[in-house]
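Engineer:
Number of protein chains: 2
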Amino acid sequence: MAKVPSAAISRLVTYLRILEDLEARGINRTSSEQLAEEAQVTAFQVRKDLSYFGSYGTRGVGYTVQILRRELRQILGLNRRWGLCIVGMGRLGQAIADYPGFSEIFELKGLFDRDPSKITTTFRGLQVESMDNLPRAVAERRIEFGLLAVPADSAQAVADRLVESGIKGILNFAPAVLEVPKEVAVENVDFLAGLSRLSFFVLNPKWREEMIG
Amino acid sequence: MAKVPSAAISRLVTYLRILEDLEARGINRTSSEQLAEEAQVTAFQVRKDLSYFGSYGTRGVGYTVQILRRELRQILGLNRRWGLCIVGMGRLGQAIADYPGFSEIFELKGLFDRDPSKITTTFRGLQVESMDNLPRAVAERRIEFGLLAVPADSAQAVADRLVESGIKGILNFAPAVLEVPKEVAVENVDFLAGLSRLSFFVLNPKWREEMIG
DNA sequence: AGTTGTGAAATCTTTCACAGCC
DNA sequence: GGCTGTGAAAGATTTCACAACT
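The listed protein sequences derive, respectively, from chains A and B.
Numbering follows full-length UniProt numbering, in which position 200 of the first sequence is assigned residue number 200; successive positions increment by one, without gaps.
Numbering follows full-length UniProt numbering, in which position 76 of the second sequence is assigned residue number 76; successive positions increment by one, without gaps.
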């Protein structure tokens, strides 16, 4: 399997969004040309990008929306929901938890805050917990990702606690540059910024290695 | 002037952040090697990236932090603050307005919300206004950018009103794909997501044309 | 007849070696 | 002597033409 340009992966996310839109509109057949138009790239590019991973269409016919969508979700690791906790339940943490599409990608399994007064409050059916519960929660509830929405001055300390707890990835929304082990830093967390392409993906392990672009 | 890879521009933003950090630490001389190490690229790359825009160092010596910083801010259009209004003052709008570093880039010149009950409230010294004031505010207060933090279902309508009002750019934080004239869509709005690299820039008009990468 | 999938060409980006300057 | 600035080489990505298949 050839090396995949990392730009190709980003475009896959765009194609997926388009396919989901087509499916919602009840359209079940498409072509590289149509995808290209919507994604503002060339049809050559669409076909090449897909070809890095396999062949999902039918010559002379095109692509079945549902099938291609399923394949892309599989490639991008979005065919399942990931367990997530949010640390820091200020306005930002709350806004993120409410973001549309959020629950399609993540299953919210814990809310944490340093402030004891917040601990009585409930959000999206979960009670905010003390930071002391964090290590146990990560271990026991299959929490794979931690989303940091704390002030800059505590971001590094909280990140360290997440790493100690054995978290798989950190989505950093705190206004700080973190020093964390490379495997744990999640790039491309774009829901919220710019745009609506749900730009979070966890590349399927099968393809992850080739993608150090 | 040669064509500039758009990836180079993104790296400029990184170099700028590093220079600001160096300056804060009282360091006033640096080298392509040091910048490269911090930015996790090669020294060749740093020098090449800078060379697209000019020569800002001294051979045999290196770069003066202050000078290079000023030049990069100039290139990236961050040597001035831009007038901005926020439309939608829910939790997201509020969290964004409070984001550290926000006021270094933007001068907040208007807060708008559809909800009449919000109109009595004050935020960062500005009273929230009715949407009816929008066109006049944009025209009279030199508001160059509009930041959209409204629900998905009203995002397009609000974007249209911003465009009609003669806004120069729209920073879209609403969970919707907008159809707006190309000149008005702002890419690379990254404060908030991922990183802490302040990833907003308005390329200096002198260089903007070459940079359709 | 029509559209995908892909090797090869063209283009773009990064790396490199060293000339140029302090 | 040392570090920048840059043309040219190497490498990566995108474009293209067309063979392959329905």
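Virtual Cβ for every residue (Gly too), placed ideally from N, Cα, C.
Which residues does DSSP pair with residue 221/A in a beta bridge?
Structural biologist: This structure gives no information on residue 221/A, because the portion of chain A shown stretches from 1 to 213.
Engineer: Helix, strand or coil for Asn-172/B per DSSP?
Structural biologist: Three-state DSSP puts Asn-172/B in a strand.
Engineer: Indicate the three-state DSSP secondary structure (helix, strand or coil) for Gly-93/A in the structure shown.
Structural biologist: Three-state result, Gly-93/A: helix.
Engineer: Is it the case that the Cβ atoms of Leu-171/A and Phe-145/A are separated by a distance below 8 Å?
Structural biologist: Yes, these two residues count as a Cβ contact at 8 Å.
Engineer: Using a Cβ-Cβ distance cut-off of 8 Å, determine whether Tyr-99/B contacts chain A.
Structural biologist: Yes - at least one Cβ of chain A is within 8 Å of the one on Tyr-99/B.
Engineer: Strictly below 7 Å CB to CB, what residues from chain A border Leu-92/B?
Structural biologist: Going along chain A in sequence order, the residues near Leu-92/B (Cβ under 7 Å) are Ala-95.
Engineer: Chain B beta carbons: is any one of them nearer than 8 Å to that of Pro-5/A?
Structural biologist: Output row for Pro-5/A: interface = no.
Engineer: Going by Cα to Cα distance, which pick from Ser-117/B, Leu-134/B and Arg-47/B is closest to Leu-84/B?
Structural biologist: Nearest of Ser-117/B, Leu-134/B and Arg-47/B to Leu-84/B, Cα basis: Leu-134/B.
Engineer: Can you have a look at Val-61/B and say buried or exposed, based on whether 16 or more other CB atoms are within 10 angstroms of its CB?
Structural biologist: Exposed, by the Cβ-count rule.
Engineer: Can you tell me whether DSSP reads Val-13/B as helix, strand or coil?
Structural biologist: Helix at Val-13/B.
Engineer: Between Tyr-15/A and Gly-57/B, what straight-line distance do the alpha-carbon atoms span, to the nearest angstrom?
Structural biologist: Those two C-alpha atoms are separated by around 43 Å.
Engineer: With a threshold of 7 Å on Cβ separation, who are the neighbours of Thr-64/A within its own chain once the five nearest residues in sequence on each side are excluded?
Structural biologist: Hits under 7 Å: Asn-28 and Arg-29.
Engineer: Who are the near neighbours of Ala-185/A in its chain, counting only those whose CB is closer than 6 Å to its CB and skipping five residues on each side?
Structural biologist: Once the five neighbours on either side are set aside, Ala-185/A has no close Cβ partner at all.
Engineer: Bridge partners for Glu-129/B per DSSP, in chain order?
Structural biologist: Looking at the DSSP assignment, Glu-129/B forms a beta bridge with Phe-112/B.
Engineer: At what residues does the alpha helix (DSSP H) containing Arg-70/A begin and finish?
Structural biologist: First-last of the alpha helix (DSSP H) with Arg-70/A: 65 to 76.
Engineer: Give the range of the alpha helix (DSSP H) segment to which Lys-48/B is assigned.
Structural biologist: Here the alpha helix (DSSP H) through Lys-48/B covers 43 to 51.
Engineer: Could you tell me if Phe-173/B is buried or exposed, where buried requires 16 or more neighbouring beta carbons within 10 angstroms of its beta carbon?
Structural biologist: With 16 or more Cβ atoms within 10 Å of its Cβ, Phe-173/B is classed as buried.
Engineer: Would you report the Cα separation of Phe-102/A and Ala-95/A, rounded to the nearest angstrom?
Structural biologist: Distance between the alpha carbons of Phe-102/A and Ala-95/A is about 11 Å.
Engineer: When DSSP labels each residue in this structure, what does Arg-81/B get in the three-state scheme?
Structural biologist: Coil.
Engineer: Any idea if Pro-181/B is buried or exposed, counting beta-carbon neighbours within 10 angstroms, 16 or more meaning buried?
Structural biologist: Answer is exposed; the Cβ neighbour count stays below 16.
Engineer: Shorter than 8 Å from the beta carbon of Thr-14/A to some beta carbon of chain B?
Structural biologist: No, its Cβ sits nowhere closer than 8 Å to a Cβ of chain B.
Engineer: Looking at the unbroken alpha helix (DSSP H) that takes in Leu-35/A, where does it start and where does it end?
Structural biologist: Here the alpha helix (DSSP H) through Leu-35/A covers 32 to 39.
Engineer: Taking 8 Å as the cut-off, decide whether the C-beta atoms of Arg-91/A and Arg-91/B are in contact.
Structural biologist: Yes. Within cutoff.
Engineer: Considering only residues of the same chain and omitting the five flanking positions on each side of Ala-36/A, which have a CB-CB separation below 6 Å?
Structural biologist: For Ala-36/A, where only same-chain residues beyond five positions count, the Cβ hits under 6 Å are Thr-42, Ala-43 and Val-46.
Engineer: Out of Ile-67/B, Leu-76/B, Tyr-52/B and Ala-7/B, state which residue places its alpha-carbon closest to the alpha-carbon of Leu-22/B.
Structural biologist: Cα-wise, what sits closest to Leu-22/B is Ile-67/B.
Engineer: Using beta-carbon positions only, say whether Ala-149/A and Gly-77/A come within less than 8 Å of one another.
Structural biologist: In this structure, Gly-77/A does not lie closer than 8 Å to Ala-149/A by Cβ.
Engineer: Compare the Cα-Cα distances from Ala-176/B to each of Arg-11/A, Ile-18/A and Pro-151/A and report the closest residue.
Structural biologist: Among Arg-11/A, Ile-18/A and Pro-151/A, the Cα nearest to that of Ala-176/B is on Ile-18/A.
Engineer: Suppose contacts are defined by Cβ-Cβ distances below 8 Å. Is Ile-86/A in contact with Leu-111/A by that definition?
Structural biologist: In this structure, Leu-111/A lies closer than 8 Å to Ile-86/A by Cβ.
Engineer: From the DSSP output, in three-state form, read off Thr-120/A for me.
Structural biologist: It is helical.
Engineer: Alpha carbon to alpha carbon, how far is Met-131/B from Glu-33/B?
Structural biologist: C-alpha separation (whole angstroms): 51 Å.
Engineer: Below 8 Å on the Cβ atoms is my contact criterion, and I expect Leu-178/A with Ala-159/A to pass it. Report the Cβ-Cβ distance as a whole number of Å.
Structural biologist: Their Cβ separation, rounded to whole angstroms, is 5 Å, which keeps Leu-178/A and Ala-159/A in contact under 8 Å.
Engineer: Would you list the one or two residues that DSSP bridges to Ala-24/A?
Structural biologist: Paired residue(s): none; Ala-24/A is not in a bridge.
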